[in-house]
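Only one structure is covered here, and it is reproduced in the block below.
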Amino acid sequence: MEVTRTNEAAMSLPDVPSIFQPIADALLQTSISPPRPGLSSSSHHGWSPISRRVQSSSPQPAPWSSSSRQQKENGAIEDTNQLKQELNLARFEVGQLRSALDAAEIRYQEEHIQSTLQIRSAYEQAERTRSESRQREAELETELRKAKEIVEELKVKLMDKETKLQNISEENKGLNVKIEQNQSNERESELQMELKKSEATLADLKTSLLDKETELQSITEENEMLKLEIKKKETENDKVNDEAVAKIEPAKAAEREALTKLGYLTEEAEKNSRRAERVTEQLDATQAANSELEAELRRLKVQSDQWRKAAEAAVAMLSTGNNGKIVERTGSLDNNYRTIGARIGSPCSEDMDDDSPKKKNGNMLKKIGVLWKKGQK
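So the sequence shown is numbered by the numbering used here: it starts at 22 and just counts up by one.
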């Protein structure tokens, strides 16, 4: 029974490529082979549950009865159900193995294609490098030949130049001999002239040396005199310093007193300067007030001139009707105008009485305004 089931499983397996045929055979052998004695159930691989189920379903010696038959049938049904489940599981595993085998085959084919492409590209690269190397060798050979030809030409030119150089060097040697002879004669004459000049300069130096020696003696004598004078002055300076130190102490005391007085005087001067600043500020304020008052006075003078002109015009207009009365009125108007101008022009008008003169002036101004309006009409 176990062999038939495994054969069915083998028949149900898909077509396997020839490369993976040994793997499929090994799987079938593991599913068919029973477990070896001495090994545990967990050590079996492949189809071990199926083999255990087949072994457990093998016939056992039992008493011949109806109950035992039903039990056997029930057990057989359960075994068949379990076998179907295990067979489905095996088929699923076989499908997974098949997909894995297909993937492995595809991967193998891809790798094979890639390797062949790489080998082909490597061969092509090698051929290209060979052709390039051959071309390069040919180019280098041509360049080498050209270089050899150039070297031969340069060697020939070098030999020519060497021969010319030898000839020129021989000519130079002859010319150098002649020049040395001429220079030796000229050098002797120059040396004689220099010898005479050096003798003359030596005599001059001797005379100047004698003069310098005499000057040196006089200078040394003067230095000794100066040293003596310096010593005398040092002693005198020491005495003067002692006297100055004795005089400095009262001078310092006087200086301290002068400093204290100076501080007091500076404080007084600062106070006076502050007072002067305040006074100048007050003067500025008074000057500003005076300027404002002068402007006000000018404005009032202008107004008074205008009022006077208006009064004169009114008098001239009224003189045509009533000569005598107008003359009297004009006299009174002039008097009133004078009083008004005196009051307006004087800065002390504020201190005078404010009752009757103001009323009179107001009435007079009203009359003048009415007359001014009539004259304009």
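Positions of the beta carbon are idealized from the N, C-alpha and C atoms, including for glycine. A quick note: this is a predicted structure, and the numbers were derived from the prediction, not measured.
Sixteen is the threshold: since fewer than 16 other Cβ atoms of the shown chains lie within 10 Å of the Cβ of Ala316, the residue is exposed. By the Cβ-count criterion, Leu231 is exposed, with fewer than 16 other Cβ atoms from all chains shown falling within 10 Å of its own Cβ. Taken through DSSP and simplified to helix, strand or coil, Ser120 comes out as helix.
By the Cβ-count criterion, Leu212 is exposed, with fewer than 16 other Cβ atoms from all chains shown falling within 10 Å of its own Cβ. Straight-line spacing of the CA atoms in Glu158 and Ala143 works out to 22 Å. DSSP, reduced to helix, strand and coil, places Ser340 outside both helices and strands of the structure shown, so it counts as coil. Short of 7 Å from the beta carbon of Ala224, and not among the five residues preceding or following it, lies no beta carbon of its own chain. Pairing Glu160 with Ser154, the inter-Cα distance amounts to about 10 Å.
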